[in-house]
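A short write-up of the structure that comes next.
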Amino acid sequence: MTAELSTIIDFIRYGASRFSAAGLTFGHSHDNPIDEATHLILAALHLPPDLPPAYGAGKLVAEERERVLGLIERRISERVPVAYLVGETWFAGLKFKSDRRALVPRSPIAELIESGFAPWLDHRHVERALDVCTGSGCIGIAMAEYNPDWQVDIVDISPEALSLARENVVFQHVEDRVEAIESDLFAGVQGRRYDLIVSNPPYVTEDEYAAMPGEYRHEPKLGLTSGEDGLDLCLRMLDEAADYLTEDGLLIVEVGESERALNALLPEVPFVWIEFKVGAMGVFALERRDLVEHTKAIRAVAQARR
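Take the sequence shown: its letters are residues 1 to 306, numbered as in full-length UniProt numbering.
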């Protein structure tokens, strides 16, 4: 049957049909089989995602056909995310290396980066920013790319994830503005202060992790789970972040579906839940002064986890 496939468009259509029929989960950068197949096939052919439509009629040679068909079969039989199969993915319009050392880059925070964090930074001066639980480095590196006058630190507790992040720092040519530091939250940046701290930490609950589709089993569990309600790391961050923010500093954190649990634990804290183009995505913004004002309540909840 595959002998009839010839052009790039043929293989994208074939891959999308196979992915849809196999009931795959699309949660790693894409939400549908067509985009998933397009990513796989164009990356496998070393072609850009914005390939002009006219090139869709280009025919694959025998070696390319074999490679593409093999990747399609692996995506279906092994449930490996496309980013891991082809070794790359896109975040905030930038290409990043991606493999099993860290989660596949994905976060609604990309939208904030692309919009200049408007309106949150409209009247703030940012010199130093921090990306906590950086994983592949995508958030911190993208912040540096979009803001050439910022110095950005990216931190992670995982040496494996940080090795990938360092490769991405070099890949994006931001070595002079991005420093990768192995750190358990803020432990490795003692004495430093930041105008902006951004984090997409692990926030999946244990029950959610147990029910996750096979695609997520290829990712490091350390980057996904954070206690029974997914908030262990977030609460530690809230307890410690004020000491690392400048006077008018801002904290932005993604907690996903754990938003409801966080509001229930700390109802007095004035979290501002950010609205994205697709709606609310479980990302909050919080001023340093609010962290300071509610230190007692935050610390009590955080210390109860230790």
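All C-beta atoms, glycine included, are put in the ideal place defined by N, C-alpha and C.
From a predicted model like this one, the values you see are computed outputs, not experimental measurements.
Might you give, ordered along the chain, the residues of its own chain that have their beta carbon closer than 8 Å to the beta carbon of residue i, omitting 5 neighbours on each side?
i	result
residue 263	271
residue 202	133, 222, 223, 224, 225, 226, 230 and 233
residue 193	128, 244, 245, 246 and 249
residue 86	39, 40, 43, 44 and 71
residue 377	Because residue 377 is not part of the residues shown, which for the chain are 1 to 306, the question remains open.
residue 28	81, 82, 83, 89, 104, 106 and 215
residue 220	100, 101, 102, 103, 158, 160 and 161
residue 261	229, 230 and 231
With a cut-off of 8 Å on the beta carbons, I'd call residue i and residue j a contact; round off their distance for me.
i	j	result
residue 302	residue 235	4 Å
residue 152	residue 178	5 Å
residue 160	residue 101	4 Å
residue 285	residue 252	5 Å
residue 238	residue 129	Contact flag wrong, Cβ pair sits at about 18 Å.
residue 150	residue 175	Not quite, the Cβ-Cβ distance comes to about 14 Å (not below 8 Å), so this is no contact.
residue 186	residue 240	5 Å
residue 213	residue 25	4 Å
Exposed or buried, residue i, counting other C-beta atoms within 10 Å across all chains shown (16 or more means buried)?
i	result
residue 33	buried
residue 190	exposed
residue 83	buried
residue 77	exposed
residue 173	exposed
residue 300	exposed
residue 1	exposed
residue 43	buried
residue 47	exposed
residue 230	buried
residue 267	exposed
residue 247	exposed
residue 205	buried
residue 307	Any answer about residue 307 is impossible in this case: the structure gives the chain only from 1 up to 306.
residue 295	exposed
residue 258	buried
residue 6	exposed
residue 306	exposed
residue 63	exposed
residue 255	buried
residue 292	exposed
residue 125	exposed
residue 198	buried
residue 123	exposed
residue 283	buried
Can you list, in chain order, the residues of its chain whose CB lies under 6 Å from that of residue i, leaving out five sequence neighbours each side?
i	result
residue 288	242, 245 and 249
residue 162	156, 180 and 182
residue 164	101, 102 and 136
residue 20	33
residue 114	92
residue 39	82
Apart from the five residues on each side of it in sequence, which residues of its chain come closer than 7 Å, Cβ to Cβ, to residue i?
i	result
residue 218	80, 81, 84 and 100
residue 37	12, 15, 16 and 19
residue 41	8, 11, 12, 15 and 68
residue 94	142, 145 and 172
Q. Any chance the region 138-154 sits against the region 162-169, with 3 or more Cβ pairs inside 8 Å?
A. yes
(Q) I'd like to know if the region 108-118 and the region 57-71 are in contact, where contact means that at least 3 CB-CB pairs between them fall below 8 Å. (A) no
**Q.** Ranges of the alpha helix (DSSP H) found wholly within the region 180-253, counting only runs of at least 4
**A.** 206-210 and 232-240
Q. Which ranges would you report for the beta strand (DSSP E) in the region 121-151 if only whole runs of at least 3 residues count?
A. 128-132
Q. Counting only runs that start and end within the region 3-61, where is the beta strand (DSSP E) found for 3 or more residues in a row?
A. none
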